[in-house]
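**Q** Here you go, one structure.
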Amino acid sequence: MTIPEPTATDPRLPGTTADRHRAPRARADADGGPAATEPAPRVLIADDQTLVRTGFRMILTARGIDVVGEVSDGVEAVAAARLLRPDVILMDIRMPNMDGLEAARQVLEENPDCRVIMLTTFDLDRYVYAALAVGASGFLLKDVTAAHLAAAVRLVDTGDALLAPSITRRLVERFATEGAGAAAGGNGRAGEQRPDRTPAVHRDLTVLTPRELEVLTLMGRGLSNTELARELTLSEATVKTHVARIFAKLALRDRAQAVVLAYETGLVSAGDSDA
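For the sequence shown, our numbering assigns the number 59 to the initial residue and increments by one for each residue that follows.
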């Protein structure tokens with residue numbers, strides 16, 4: 059575990075401004091650089107490959123993003139997240155001692171303001187689906203470009219999900235309805251142990267109004283706010299209000315988790331159309 063020693067102004071110390079709730083931040087530019095008034099997010103890198111950690115640290119640091127620590131397994135990731143309180147964690151899915159999925163679950167349970175991006179080699183990986191179900195904000199392939207990596211970190215730091223709703227839907231549709239005895243697939247590694255199927259929390263959908271339930275269903279099918287407004291003949295401002303209320307009532311982190319919930323609760327089924 060590589061963690062800098064704390065100083066008198068270190069955000070890890072209780073009572074500093076970093077311990078308080080952070081306001082939403084401006085979006086990054088196209089190259090992953092900071093917007094004019096945007097503070098740099100604080101990032102923890104969790105990966106068992108030294109070269110991956112070193113490469114990511116160099117990329118992020120060169121783009122003005124503060125890497126506050128590096129760890130090599132899930133147990134260290136949970137401990138470092140508790141100590142450092144990073145804004146964003148780049149979390150490898152497969153690590154020794156504790157995998158990234160369980161580490162993400164524990165981190166997000168302790169610190170809901172933290173954002174987790176899962177690192178994987180396969181874009182349709184059942185581990186990624188399980189990570190979305192527990193609240194990860196998206197995933198990146200390990201061969202991501204430098205600009206995309208930096209932009210992704212800044213994007214999720216604003217509170218947005220990294221995945222487009224349509225991509226999330228395609229991922230969820232592949233794995234949400236798989237039974238425990240389903241045929242092998244997804245990551246293509248013969249004999250590899252699969253993660254336990256991790257359902258989204260089956261929240262009480264009766265707290266939603268009929269219109270909110272309709273909006274959630276359409277979000278589950280991958281519609282954007284613009285598409286929702288067109289489908290429901292509403293203004294985008296009204297749609298955004300409905301989406302915000304759905305998130306608040308169901309304690310959802312972002313649209314990616316909303317898609318997972320829509321499938322897990324049966325609002326959307328595999329094969330449902332986008333429109």
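Beta carbons are placed, not taken as given, at the ideal position from N, Cα and C, and that holds for glycine. Since the structure is predicted, the reported quantities are computational estimates derived from the model, not experimental observations.
Where LEU276 and ALA98 are concerned, what is the direct C-alpha to C-alpha distance, given to the nearest angstrom?
**A** The residue given as residue 276 occupies position 218 in the sequence shown. The residue given as residue 98 occupies position 40 in the sequence shown. If you take the alpha carbons of LEU276 and ALA98, they lie about 34 Å apart.
**Q** Report the three-state DSSP secondary structure of ALA320 (helix, strand or coil).
**A** Numbered from its first residue, the sequence shown carries residue 320 at position 262. If DSSP states are grouped into helix, strand and coil, ALA320 belongs with the helices.
**Q** Give me whichever residues DSSP pairs with ASP124 in a beta bridge.
**A** Translated into positions along the sequence shown, residue 124 becomes position 66. Paired residue(s): ARG100.
**Q** Should ARG311 be labelled buried (16 or more other beta-carbon atoms within 10 Å of its own) or exposed?
**A** Residue 311 sits at position 253 when you count from the first residue of the sequence shown. Per the 10 Å Cβ criterion, buried.
**Q** Which residues bound the alpha helix (DSSP H) around LEU290?
**A** What you label residue 290 is simply residue 232 of the sequence shown in a count that begins at 1. First-last of the alpha helix (DSSP H) with LEU290: 283 to 290.
**Q** Within this structure, are the beta carbons of THR178 and LEU199 separated by less than 8 Å?
**A** For the purposes of this step, residue 178 is identified with residue 120 of the sequence shown, where counting begins at 1. For the purposes of this step, residue 199 is identified with residue 141 of the sequence shown, where counting begins at 1. Yes, they are a contact pair.
**Q** Do the CB positions of GLY278 and LEU325 come within less than 8 Å of each other?
**A** Start at 1 with the first residue of the sequence shown, and residue 278 comes out as number 220. Start at 1 with the first residue of the sequence shown, and residue 325 comes out as number 267. In contact: GLY278 and LEU325 (Cβ atoms closer than 8 Å).
**Q** Along the alpha helix (DSSP H) that carries ARG163, what are the first and last residues, could you check?
**A** Start at 1 with the first residue of the sequence shown, and residue 163 comes out as number 105. First-last of the alpha helix (DSSP H) with ARG163: 158 to 168.
**Q** Whole-angstrom Cβ separation of GLU160 and GLY193, contact assumed at under 8 Å?
**A** In the sequence shown, the residue the question calls residue 160 occupies position 102. In the sequence shown, the residue the question calls residue 193 occupies position 135. GLU160 to GLY193, Cβ: 13 Å. No contact.
**Q** Over what stretch of residues does the alpha helix (DSSP H) that includes MET277 continue unbroken?
**A** Here the question's residue 277 lines up with position 219 in the sequence shown. Here the alpha helix (DSSP H) through MET277 covers 268 to 278.
**Q** Is it right to say ASN283 is buried, meaning 16 or more other beta carbons lie within 10 angstroms of its own, or is it exposed?
**A** Residue numbering aside, residue 283 sits at position 225 when the sequence shown is read from its first letter. With 16 or more other Cβ atoms within 10 Å, it is buried.
**Q** Go through its chain and collect everything with a Cβ distance to ALA162's Cβ below 8 Å, but skip five positions before and after it.
**A** The residue labelled residue 162 in the question sits at position 104 within the sequence shown. Contacts found: ILE147, MET149, VAL174, MET176, ALA189, VAL192, GLY193, ALA194.
**Q** What distance in whole Å lies between the Cβ atoms of LEU281 and ILE304, which are believed to be in contact at a cut-off of 8 Å?
**A** On the sequence shown, position 246 is the one that residue 304 refers to. On the sequence shown, position 223 is the one that residue 281 refers to. Their Cβ separation, rounded to whole angstroms, is 13 Å, which puts ILE304 and LEU281 out of contact at 8 Å.
**Q** If you draw a straight line from the alpha carbon of ASN155 to that of ALA137, how long is it in whole angstroms?
**A** By 1-based counting over the sequence shown, the position of residue 155 is 97. By 1-based counting over the sequence shown, the position of residue 137 is 79. Going from the Cα of ASN155 to the Cα of ALA137 covers about 13 Å.
**Q** What did DSSP end up calling THR119 once you bin it into helix, strand or coil?
**A** In the sequence shown, counting from the first residue as 1, residue 119 sits at position 61. In this structure, THR119 counts as helix in the three-state DSSP scheme.
**Q** Just the Cα atoms here: how many angstroms apart are ASP203 and ASP124?
**A** Taking the first residue of the sequence shown as 1, we reach residue 203 at position 145. Taking the first residue of the sequence shown as 1, we reach residue 124 at position 66. Contrary to the premise, residue 203 reads as Thr rather than Asp in this sequence. Cα to Cα, THR203 sits roughly 18 Å from ASP124.
**Q** Excluding the five sequence neighbours on either side, which residues of its own chain have a C-beta within less than 7 Å of the C-beta of VAL214, listed in chain order?
**A** Position 156 of the sequence shown, counting from 1, holds the residue named residue 214. Hits under 7 Å: VAL146, ARG173, ILE175, SER195, GLY196, LEU220.
**Q** Express the C-alpha separation of ARG140 and ALA238 in angstroms, rounding to a whole number.
**A** Stepping through the sequence shown from its first residue, residue 238 is reached at position 180. Stepping through the sequence shown from its first residue, residue 140 is reached at position 82. Reliability of the predicted coordinates at ALA238 is poor, the pLDDT of 33 falling under 50, and the value obtained from them is presented with this limitation in mind. ALA238 and ARG140: Cα-Cα distance of roughly 33 Å.
**Q** Considering only residues of the same chain and omitting the five flanking positions on each side of LEU102, which have a CB-CB separation below 8 Å?
**A** Position 44 of the sequence shown, counted from the start, is the residue given in the question as residue 102. Result list for LEU102: VAL125, VAL126, GLY127, GLU128, VAL129, ALA135, ALA138, ALA139, LEU142, PRO144, VAL146, ILE147, LEU148, in chain order.
**Q** Comparing C-alpha positions only, which one of ARG115, VAL297, TYR187 sits nearest to LEU207?
**A** Taking the sequence shown and counting its residues from 1, the one referred to as residue 207 is at position 149. With distances taken between Cα atoms, LEU207 lies closest to ARG115.
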